[in-house]
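Just below is one structure, and these are the notes that go with it.
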Amino acid sequence: MSELSGDKVAVVTGAASGIGLGIAQRLAADGAKVAIFDLNTAAAEEAAAKISATGATSIGIGVDVSDRDQIQAGIDIVHEVFGPVAILVNNAGMEGFRPFLKITPDVWNRLLAVNLTGTFHCCQLLIPDMMDVGWGRIVNISSSSTHSGQPFMTHYVASKTGVVGLTKSLALEFGEHGITVNTIPPGFIDTPMTRRNEAKGRLGGSVESHAERTPVRRPGRPEDIAAACAFLVSDEAGYITGQILGVNGGRNT
Ligand code: NAP
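FYI, in my numbering the residues of the sequence shown are 30 to 282.
In structure tokens:
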């Protein structure tokens with residue numbers, strides 16, 4: 030574990046499950062006070078309670094990241110309970126599988142609203158906290174599909190590629206304020222999302238069969254993403270910004 034200096038407050042979105050939960054657990058273990066923002070209020074509170082039971086500090090708040098007012102209301106609670114936010118991990122996301130010609134404008138707009146515009150809202154509402162103290166860390170969870178493209182996932186890949194562009198541009202704009210902005214595109218992590226897709230036959234094989242074709246011969250785990258995230262939000266990563274840190278077992282190089 031790497032110690033996070035000085036009682037930092039972190040917001041991790043979509044952290045009631047999967048990768049986000051792994052990140053929240055890791056940052057809390059490293060000493061951050063972690064606010065879990067998730068669509069499902071009960072699941073967010075339950076995840077925070079589990080983290081708090083380990084002696085770390087966490088609160089869970091129901092927030093739909095596509096709704097700017099809900100994000101602001103969540104931030105108001107975090108400010109009251111913990112204080113200003115120094116670390117933001119934009120992880121909340123929804124998957125999308127549909128032949129391109131069947132993607133309706135509503136489906137397209139909802140996916141972009143969560144995966145891309147949700148990231149925009151959270152960054153815009155929390156960067157002022159970081160500017161006030163001249164230190165901040167933002168990590169955006171994108172997707173390894175942005176390396177290669179993916180059939181039947183045009184809307185998803187477009188949203189996540191937008192997250193990569195947003196990351197690079199924010200890094201350039203806010204570097205002088207001590208704020209770093211990086212993205213981790215995960216590749217094939219064993220989470221409830223991945224298992225849901227396996228059950229629906231969307232993976233083109235089982236999780237295990239994919240693992241056999243992965244250079245490191247196993248599926249990724251939320252802890253793998255959490256470890257990279259813990260490094261990127263640390264003090265010692267202060268000269269790393271605008272970067273794409275692939276965590277994918279060698280599936281994309
Ligand atoms: P997951 O297990 O489904 O967890 C995602 C979490 O985000 C869930 O708790 C979900 O809540 C929440 N969420 C969804 N929409 C939200 C919204 N509008 N506002 C707030 N929270 C919301 O998925 P995961 O596999 O951990 O994925 C985490 C991130 O990694 C996503 O951005 C995903 O696109 C990305 N990713 C994952 C993989 C992978 O291999 N697993 C690969 C590439 C990228 P509900 O459960 O209530 O919907």
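Positions of the beta carbon are idealized from the N, C-alpha and C atoms, including for glycine.
Note that this is a predicted model, so its numbers are computed, not measured.
So the beta strand (DSSP E) residue 62 belongs to, where does it begin and stop? 62-67
Count the other C-beta atoms from every protein chain shown that fall within 10 angstroms of the C-beta of residue 185, then say buried if there are 16 or more, exposed otherwise. buried
Shorter than 7 Å, the distance from the beta carbon of residue 208 to the closest heavy atom of ligand 1, or not? no
In chain order, which alpha helix (DSSP H) runs of at least 4 residues are fully inside the region 41-112? 47-58, 70-82 and 97-110
With 16 other Cβ atoms within 10 Å as the buried cut-off, status of residue 251: buried
Any non-hydrogen atom of ligand 1 closer than 7 Å to residue 143 Cβ: yes
In angstroms, rounded to a whole number, what distance separates the CA positions of residue 180 and residue 137? 15 Å
So the alpha helix (DSSP H) residue 141 belongs to, where does it begin and stop? 134-141
Less than 6 Å between C-beta atoms, sequence neighbours within five positions excluded: which residues of the same chain meet that for residue 238? none
Looking only at DSSP bridge pairs, what is residue 218 linked to? 249
Nearest-angstrom Cα separation, counted from residue 40 out to residue 266: 18 Å
Note the first and the last residue of the continuous beta strand (DSSP E) segment covering residue 194. Counting along the chain, residue 194 falls outside any beta strand (DSSP E), though it belongs to the alpha helix (DSSP H) covering 183-203.
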